[in-house]
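Worksheet: the structure to be examined is printed underneath.
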Amino acid sequence: MQLINKKGFPFTPFLPWLKTYNMRLFKADFIAGLSLSLLMAPQAMANAQLAGLPAYHGLYASILPGFIGALFGSSRQLVTMPVAVISLLSAAAISPLATLGTSGFITYITLLTFLVGIIQLSLGLLRLGILVNFLSYPVLEGFTNAAAVLIGFSQVGKLLGIQVEPATRQMETLLKTLHVALSYVHIPTVTIAVSTLAILYFSKKFVRFLPDVLVAVIITSLFSWAFAYEKKEVVAIEQIKSEQAHALINSLTTIHIATEKLNVAKEKLQENLNKQPNTLDESAKNELLYELSKVKTELERYKNDATLKKDALRLMHFRELAEKENTSFYPKDQLPPNADYGWRVWQIRVNAINFNEPDKIPFDGGGEVIGYIPSGLPPLVLPSFDLNMILQLFSSACIIAFISFANSISMAKTMANKRGYTIDSNQELVGQGLANIAGGLSLAPPCSGSYSASAANFLGGAYTSVSTMTASLCILLMLFVLTPFLYYLPVAALSMVIFISVVKSVNIEAVLKIWTARWYDGVISILTFVSTLYFAPHLEMGILIGVVLTISISFYRTMHPKIIRLSCGPDLVARDAEYHQLAECEHILALYFQQDLIYSNASVLEEKILERMDAMPKLKHLHLQCNGMNDIDASGAETLLNIITMLHKSNISVSLSGLTGEVADVVSRTGLLAKIGPGNIFRGLKDAICTVHRRLHPNGIYCKSCPWNGYCNIPAKQCTSVCGLDT
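Quick note on numbering: the sequence shown equals residues -46 to -1, 1 to 681 in mature numbering (1 follows the signal peptide of the UniProt record, and there is no 0).
Next up, the structure:
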């Protein structure tokens, strides 16, 4: 297998444009890169949060992955960075294995990024970019539209300032959020969200020299800093004046202790099963499995109980009241009369409670901000190469690798066509693979080509990948200079940026076009969309269902090939006789077989010929046009041989036309050529029909009503009511 493109070594795709690079191009790329960095930074932070990581990991993903993807990819304008769909897939893959935002989650996601890079790099080096064709256009459109909807839904809680315990399915989580929103929303958070929407709208009209996203980030961050948007406190449990809150916290503490004990018991049972699988007799093994099942059932019960209690605790809202000794927190519906309580509404940060210290309760009286961002270079850390972790993530890594590349290559080809250069799909796989490997080493989520950033780069006048590399270096500079300012950036502002971008990315028009082209492709797209929504967060199920449907319909079409009966139209061109309702010659049957003749459809051709033999008692010749036939397998060759033998026994001759080189070789090797006769193989349909037409009329007298007369330029004086076949 060829590992290297004939054009050159796969790690130097920049050489062709580098040879003609000059200062004029550098100036254009540098200006485009500066503008691009202002758009990339907030989008990357937003998409990193969507992946379940702290926002600054998005900046990490824009530096090394962005730089390396630009350097080693074949596209000169494609921008590699975190994108919404890939971030959603990444979060869905890791969330069953670790809690969002924790160190364990970061360990898993960096390994996932590294695996995605290894898969893409391997496919690129092995020249296997063609495998991405398994993700058909209808499947990709259905999935990306569903993913956009899910991303929008996932931001609703952050836009309203509402937290609920995640349900098994993402749609259930949305319904829980909306149910809470009927009775409560966090006004400061909603204010930030609505303000961000207004800023995004008006900045496009009045501040055109800066990206609208950057304007929104600057204004909302200044507002957050000036008005102390973030407000967090840790209070003693005695300061909470609510027996219900005390009871819920005590219950959650009890559940936490019981769960820890059960997890220890589960690990010991699992360890005993794994260490001694061959030394245990069947009875002992069954007993261990039974005990393990009991522990898992008990853990599930505690988990469900904890979910209910956490949701109940989140629904409680408090007001602060300054008393003599300290500040107390009263439930909103139990405030002392005539008390001078503060204006802030406080909530317990349930997920931040340390149940090892249940007497210290974290409270939140404001909105959520990005928070602390480490200054300086991204840390370089090797992922944890644990075999069990790799096996858990491998299938998700494959799906992300394919979808990421499919998104990247379509955008890259569009821009390349407009700029007059070509894209090497396999080289782009190498570039994306190296970018994600670098991301796995620098704590970044999986990356892909970004539509919005790439379009901005292209429209900004970028000529080469120097623009993207410049943007990556500018973002690196931001990590040294702007991290104190980014602390105050409201999460609601980033959520609104994500929400608006995914609303724009929902492409209903594309689905309608797919349906118009082929209704069954439209069905595939819609079923992929619906199944992705239904199975979320297990998004791979939507992809799997779409791919299975595509392959099934493709196989069905192979099993039911279109066999066209040909005749001459009024314009003297051979056309589909059935579709155009043309008269047919009763002596010559011309069939156009539009697919490969293989085991799954060979019998269909035989049945069609038998059907026409019954309908055409005067049939003397069968012609098979093979322009659409690129292959014949052993079953197809044997069936064709049987058909020819059967026709010859009925005194019906056979001819073929339009054979490709490979099909002609099969015809020669399998004895079909000898059976048909070399004189019955023609280059094209016209040669075949006209030659056969003359053979069947040896006296030069042709049937007056034969539709092939005009096709073969037969003079009218030679056409009589009685043709050569009847004399």
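Even for Gly, the Cβ is constructed at its ideal location relative to N, Cα and C.
These numbers come from a predicted model, not from an experiment.
query = Going by the CB atoms, is the gap between P337 and G394 shorter than 7 Å?
reply = Note that the C-beta distance between G394 and P337 is below 7 Å.
key: Closest by C-alpha distance to F(-33), when choosing among I468, D525 and S29   = Relative to the Cα of F(-33), the nearest Cα in the group I468, D525 and S29 belongs to S29.
Proximal residues to P515 (C-beta, below 8 Å), its chain only, five neighbours per side dropped = F547, Q548, Q549, N555, V558 and L559
message = Please list the terminal residues of the continuous alpha helix (DSSP H) segment that includes D568.
response = A556 to A569
request  = Grab me the residues of W(-30)'s own chain with a C-beta within less than 7 Å of its C-beta, minus the 5 sequence neighbours each way, in chain order.
outcome  = R30 and T418
message = Going by beta-carbon coordinates alone, are G296 and E322 separated by less than 7 Å?
response = no
ask   = Is it a yes or a no for the region 640 to 658 touching the region 613 to 621, going by three-plus beta-carbon pairs under 8 Å?
value = no
task = Could you name the residues of the same chain whose beta carbon sits closer than 6 Å to that of A45, not counting the 5 residues immediately before and after it, in chain order?
result = A5 and G6
ask   = What are the boundary residues of the alpha helix (DSSP H) that Y375 is part of?
value = Premise fails: Y375 is in no alpha helix (DSSP H) and is neither H nor E.
message = Which same chain residues end up closer than 6 Å to E119 when comparing Cβ atoms and leaving out the 5 residues on each side of it in sequence?
response = T261, K264 and D265
message = With the cut-off set at 7 Å, would you say H575 and V676 are in Cβ contact?
response = Result no, Cβ atoms of H575 and V676 do not sit closer than 7 Å.
message = If contact is defined by three or more beta carbon pairs under 8 Å, each pair taking one atom from either stretch, is the region 659 to 677 in contact with the region 628 to 646?
response = yes
query = Taking C-beta to C-beta, are V171 and A101 nearer than 7 Å?
reply = no
inquiry  = Short of 7 Å in beta carbon distance, which residues of its chain neighbour I429, apart from the five on each side in sequence? Order them along the chain.
reply    = Taking C-beta separations shorter than 7 Å and ignoring five residues to either side along the sequence, the partners of I429 in its chain run S(-10), M(-7), A(-6), L13, S16 and I17, following chain order.
task = Tell me whether P(-31) sits in a helix, a strand or coil according to DSSP, three-state version.
result = helix
request  = In the DSSP assignment, find the alpha helix (DSSP H) that holds H133 and state where it starts and stops.
outcome  = Q124 to A135
task = Could you tell me which of L75, G115, A276 and M600 sits nearest to C352, measuring between CA atoms?
result = L75
request  = Verify whether the separation of the beta carbon atoms of A2 and P399 is less than 7 Å.
outcome  = yes
request  = Would you list the one or two residues that DSSP bridges to Y546?
outcome  = I518 and Q579
message = Could you check whether the region 452 to 472 touches the region 64 to 83, counting it as contact only if at least three pairs of C-beta atoms, one from each stretch, sit closer than 8 Å?
response = no
Run of the beta strand (DSSP E) containing V608, from where it starts to where it stops = S607 to S611
query = If S455 sits next to S402, beta carbons under 8 Å apart, how far is it from one beta carbon to the other, in whole angstroms?
reply = Wrong, their Cβ atoms sit about 14 Å apart, outside the cutoff.
Identity of the residue in G27, N280 and G615 nearest I194 by Cα = N280
request  = Kindly identify the DSSP beta-bridge partner or partners of F412.
outcome  = For F412, which the question treats as bridged, DSSP gives no partner whatsoever.
message = Please identify the residue among I141, D287, F283 and A447 whose C-alpha is closest to the C-alpha of L176.
response = A447
ask   = How would you write the range of the alpha helix (DSSP H) that Y183 sits in, first residue to last?
value = Element bounds for Y183: n/a, residue is neither H nor E.
ask   = Which residue's Cα is closest to the Cα of P571: N596, C539, Q579 and G590?
value = C539
task = Report the residue from A531, Q386 and L526 whose alpha carbon sits nearest the alpha carbon of F21.
result = Q386
key: Per DSSP, the bridge partner or partners of E274   = Looking at the DSSP assignment, E274 forms a beta bridge with F283.
ask   = V621 by DSSP, collapsed to three states: which one?
value = helix
query = Which residue from G590, H133, A(-3) and I327 puts its Cα closest to that of V435?
reply = Ranked by Cα distance from V435, the options G590, H133, A(-3) and I327 are led by I327.
Sub-7 Å separation of V384 and F26 beta-carbons = yes
ask   = Considering only residues of the region 438 to 515, which uninterrupted alpha helix (DSSP H) runs meet the minimum length of 4 residues and lie entirely inside it, listed in chain order?
value = For the region 438 to 515, the continuous alpha helix (DSSP H) assignments of 4+ residues that do not extend past its boundaries occur at 445 to 459, 462 to 471, 473 to 489 and 494 to 513, in sequence order.
query = R11 and Y138 look like a contact to me (Cβ under 8 Å); what is the Cβ gap, rounded to whole Å?
reply = As written in the sequence, residue 11 is His, which differs from the Arg given in the question. H11 to Y138, Cβ: 31 Å. No contact.
task = Out of A588, I635 and T599, point me to the one whose CA is closest to S611's CA.
result = I635
ask   = Ends of the beta strand (DSSP E) at A147?
value = From DSSP, A147 is part of no beta strand (DSSP E) but of the alpha helix (DSSP H) over I141 to F160.
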